[in-house]
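Below you'll find the structure, written out as structure tokens, and then a few comments.
Residue numbers (mature numbering (1 follows the signal peptide of the UniProt record, and there is no 0)): -23 to -1, 1 to 169.
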């Protein structure tokens, strides 16, 4: 009887661990049903995969709320990702962002990110703190603050827009053109 009980207890864990490898090949609707069944999606459409053993999301994945994959095993994001709220991928091994829609802030703190797509629009703050990113994309549009702290970025593109403050402590940025469209302050201030 004990062996049977232990087997039943391990079944859901086995399903979760075995399931991720199929995520990229599963239809998005089946993937969402599985996530809801295992408690990763709440009633508001928020998806919280923090510390989850899931390794991939299916193509065309869409959520009405936020997507939180902090410290998860996800290393690659699908094209067509559509997030209604914020996107938190802090402390993951993600190296690139695909073209995607995000309705709130984007947190890429402590990731392996090396490239952002051109024309990226962020409807809140963008955090690139402690990343190996060496350059920002052309036509980056950030409605909130842009955090570059402790990243090896050397310059800011001239077609960037930042609706809040620009944080550059620990970067290689020596000067910031006064012609840049930065609504807030450059912190710490640099000689212009």
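Backbone N, C-alpha and C define an ideal beta-carbon position, used for all residues, glycine too.
Remember, predicted model here, so these are calculated numbers, not experimental data.
Residue pairing by DSSP places residue 118 opposite 98, 138 in a beta bridge. For the 8 Å CB-CB criterion, residue 97 and residue 124 do not form a contact. Beta bridge pairing from DSSP links residue 83 with 64, 103. Note on geometry: alpha-carbon atoms of residue 32 and residue 62 lie some 21 Å from one another. Here residue 149 is exposed, its C-beta having fewer than 16 other C-beta atoms within 10 Å. The stretch 5 to 49 is shown to contain whole alpha helix (DSSP H) runs of 4 or more residues at 5 to 14, in chain order.
Between residue 74 and residue 54, the beta carbon gap of about 7 Å places them in contact (Cβ cut-off 8 Å). In this structure residue 28 is exposed. Its beta-carbon is surrounded by fewer than 16 other beta-carbon atoms within 10 angstroms.
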